[in-house]
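Report on the following structure.
Numbering (my numbering), first residue to last: 143 to 791.
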């Protein structure tokens with residue numbers, strides 16, 4: 143078959159697509175990293191410039207750089223963002239327009255997963271959001287009149303001809319095109335946009351040269367989007383240590399992204415590499431609590447010998463760290479892996495084979511992207527990027543194999559709130575506003591209940607700050623749920639793990655109370671009693687009254703002093719001065735939210751003194767070394783006061 147026509151000019155490619163398909167474009171683009179922003183922006187501009195045209199886009203997780211607010215936030219973030227993303231990085235223009243309430247009438251964007259919290263106040267995005275399980279997206283897309291699919295790919299020339307890798311996003315493309323073919327619908331125009339830095343992954347992600355109808359290889363490609371590596375605080379570490387004890391050696395692991403996931407991964411590494419210190423940390427947090435009893439029953443307290451198999455819709459940095467530590471190593475064969483190994487002469491009973499990580503999309507740091515590339519080169523069977531239907535569900539012709547692969551499965555997901563009766567709130571608010579989306583969370587929760595020894599484990603911070611006040615994230619009830627209470631399983635907070643599976647409502651309430659922040663225990667218990675769901679004679683055990691932040695700090699102080707729980711467990715994209723500024727600026731933001739906080743700021747403000755060496759570097763980084771006007775001098779004093787407060791805590 144002849145290779146797809148190749149272009150190197152993005153604007154010319156957009157014009158060619160528009161001429162071929164006509165004025166009404168209905169486009170599918172991958173979620174996250176696989177969106178070709180340059181081509182989508184060119185198509186968007188063509189549409190905006192001509193009211194006779196229209197553009198309808200189906201996608202998810204439109205990644206944009208943070209948009210800092212004027213003032214100290216702008217001073218801190220603007221230089222970092224340019225350094226981290228590059229001065230030439232392109233944000234998707236439709237997403238910026240949505241956030242500014244400026245999306246034109248002839249453009250519609252339907253996403254099934256939003257960048258978390260970014261579009262809460264964007265009316266068009268909220269109205270056009272489509273609530274779907276990840277595994278249902280391909281089916282629903284196949285029913286639309288889509289005429290264009292665009293995707294970022296990796297390209298390789300081989301002796302057999304050109305090959306493309308769907309790389310970061312085989313998740314929906316393969317399922318969508320298969321569903322469309324089964325429905326007897328015409329195939330959309332498929333356009334590959336080649337990025338030279340995208341890892342080339344083979345296996346299910348690799349497609350032949352005739353898969354795409356058109357190839358765009360721009361002369362210049364901006365850096366790939368990379369997530370800054372998050373900080374992890376004491377609360378998150380406590381939660382991660384508890385969660386890491388619930389993982390079963392020889393089992394299967396699914397994790398998401400963010401500080402809670404990083405804390406879990408750090409906990410797993412400590413369990414493997416310094417088991418005595420890890421156990422000391424658990425005992426300091428829990429004593430001989432039900433959490434440790436649950437760990438002995440469904441998890442483990444020993445280092446990993448057999449190792450883990452990864453099956454996660456999202457491949458993120460944590461899997462890289464677990465693989466490097468020799469934890470992620472349990473391999474599994476499937477028919478494609480067997481066929482490829484046999485062809486390549488790698489099928490040797492004496493040599494371990496198969497993959498130890500299966501995922502549907504990847505997103506993370508540039509270190510992750512380089513590691514994926516190097517792993518493919520050294521061990522092409524190790525990582526299988528595949529359709530989301532192969533990861534997020536057990537149905538279909540791979541059901542028996544998937545169940546074997548996922549023995550001892552522990553599916554970790556995060557939620558925003560949970561109820562005393564075990565329902566979870568992960569994607570939206572009770573007024574209907576969408577924070578993010580269901581994604582694959584429901585898939586994994588339901589799958590855990592189908593597997594003989596699988597468990598769904600929801601990670602939850604017990605409290606949050608709202609309007610300067612501490613609020614509980616464990617509620618009696620809430621007007622929106624993502625996971626219904628009949629699928630309740632295990633919930634973990636910084637105060638322990640609650641096993642809810644098969645429990646009565648009163649038993650479930652008691653288990654949830656046992657992992658609450660002590661400041662809210664009495665009110666929550668009283669509410670449950672008022673509704674007749676908790677016995678009137680129930681008394682809160684004294685041990686639960688220790689569930690306060692100060693206890694966490696005290697319990698984990700030895701591990702922190704020993705350098706085992708660093709603020710940035712896997713390195714930081716912020717330099718040393720920026721890391722010094724982060725807690726100071728966070729304190730300023732928190733104090734500014736209440737009258738009491740603003741009074742504390744005023745007191746600190748009037749006693750700044752002269753900066754010492756470290757403070758001088760921080761003021762220089764904020765372009766406040768010498769105040770040039772009243773506003774600059776005020777900001778300089780505030781930052782100096784905040785730096786000193788952060789140093790004293």
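For each residue, glycine too, the CB sits at the ideal point set by N, CA and C.
As the structure is a prediction and not an experimental result, all values here were calculated from the model.
Nearest-angstrom Cα separation, counted from residue j out to residue i
| i | j | result |
| --- | --- | --- |
| residue 221 | residue 778 | 18 Å |
| residue 707 | residue 415 | 13 Å |
| residue 254 | residue 528 | 20 Å |
| residue 523 | residue 500 | 10 Å |
| residue 697 | residue 316 | 49 Å |
| residue 807 | residue 716 | With the chain covering 143 to 791 only, the question about residue 807 has no answer from this structure. |
| residue 426 | residue 397 | 25 Å |
| residue 635 | residue 650 | 15 Å |
| residue 351 | residue 298 | 10 Å |
| residue 244 | residue 156 | 22 Å |
| residue 714 | residue 402 | 16 Å |
| residue 381 | residue 638 | 7 Å |
| residue 453 | residue 544 | 10 Å |
| residue 680 | residue 562 | 15 Å |
| residue 322 | residue 683 | 58 Å |
| residue 520 | residue 335 | 26 Å |
Contact under 8 Å by Cβ, residue i with residue j
| i | j | result |
| --- | --- | --- |
| residue 451 | residue 466 | no |
| residue 662 | residue 596 | no |
| residue 161 | residue 359 | no |
| residue 340 | residue 411 | no |
| residue 660 | residue 617 | no |
| residue 344 | residue 518 | yes |
| residue 459 | residue 712 | yes |
| residue 530 | residue 313 | yes |
| residue 393 | residue 496 | no |
| residue 283 | residue 503 | no |
| residue 408 | residue 507 | no |
| residue 736 | residue 610 | yes |
| residue 386 | residue 342 | no |
| residue 691 | residue 433 | no |
| residue 556 | residue 400 | yes |
| residue 648 | residue 677 | yes |
Proximity test, residue i beta-carbon vs the ligand HEM heavy atom, cut-off 7 Å
| i | result |
| --- | --- |
| residue 673 | This structure lacks the ligand HEM; in fact it carries no ligand of any kind. |
Cβ-based neighbour list, residue i, same chain, cut-off 6 Å, excluding 5 preceding and 5 following
| i | result |
| --- | --- |
| residue 186 | 235, 236 |
| residue 464 | 470 |
| residue 445 | 414, 417 |
| residue 356 | 146, 147, 333 |
| residue 629 | 587 |
| residue 289 | 163, 168, 330 |
| residue 239 | 245 |
Extent of the continuous beta strand (DSSP E) to which residue i belongs
| i | result |
| --- | --- |
| residue 250 | 249 to 253 |
| residue 296 | 290 to 300 |
| residue 396 | 394 to 396 |
| residue 196 | 196 to 201 |
| residue 332 | 331 to 336 |
| residue 458 | Per DSSP, residue 458 belongs to no beta strand (DSSP E) and is neither H nor E. |
| residue 606 | 605 to 608 |
| residue 502 | 499 to 504 |
| residue 635 | 632 to 635 |
| residue 307 | 303 to 307 |
| residue 791 | It is not in any beta strand (DSSP E) - residue 791 carries neither H nor E in the DSSP assignment. |
| residue 448 | Where residue 448 is concerned, there is no enclosing beta strand (DSSP E), given that its DSSP letter is neither H nor E. |
Segment limits, alpha helix (DSSP H) that includes residue i
| i | result |
| --- | --- |
| residue 166 | Not the alpha helix (DSSP H): residue 166 falls in the beta strand (DSSP E), residues 166 to 170. |
| residue 279 | 279 to 284 |
| residue 190 | 179 to 191 |
| residue 718 | 718 to 733 |
| residue 160 | 152 to 163 |
| residue 315 | 315 to 324 |
Cβ neighbours of residue i in the same chain (closer than 7 Å, five flanking residues each side left out)
| i | result |
| --- | --- |
| residue 570 | 576, 577, 622 |
| residue 492 | Residue confidence is low: residue 492 scores 47 on pLDDT, short of 50, so the model does not pin down where it sits. No coordinate-derived value is stated. |
| residue 246 | 190 |
| residue 547 | 394, 451, 453, 474 |
Cβ shell of residue i (< 8 Å), same chain only, five flanking positions each side left out
| i | result |
| --- | --- |
| residue 560 | 566, 567, 600, 602, 615, 616, 617, 633, 654 |
| residue 158 | 149, 356 |
| residue 165 | 192, 194, 195, 196 |
Where are the beta strand (DSSP E) runs, 3 residues long or more, that stay fully inside the segment 549 to 603, in chain order? Counting only runs of at least 3 residues, the segment 549 to 603 fully encloses the following beta strand (DSSP E) elements, listed from N- to C-terminal order: 551 to 556, 559 to 561, 597 to 601.
Length at least 4, wholly inside the segment 753 to 788: the alpha helix (DSSP H) runs in chain order: As far as the segment 753 to 788 is concerned, its whole alpha helix (DSSP H) runs of at least 4 residues are 755 to 763.
Just to confirm the assignment: which complete beta strand (DSSP E) runs, minimum length 3, are found wholly within the segment 638 to 699? Fully enclosed beta strand (DSSP E) runs of no fewer than 3 residues occupy 638 to 641 of the segment 638 to 699, in order along the chain.
Quick check for students: name the residue ranges of the beta strand (DSSP E) that lie wholly in the segment 409 to 438, counting only runs of 3 or more. Counting whole runs of 3 or more residues, the segment 409 to 438 contains no beta strand (DSSP E) stretch at all.
Whole runs of the beta strand (DSSP E) within the segment 357 to 395, excluding any shorter than 3 residues: The qualifying runs do not exist here; there are none.
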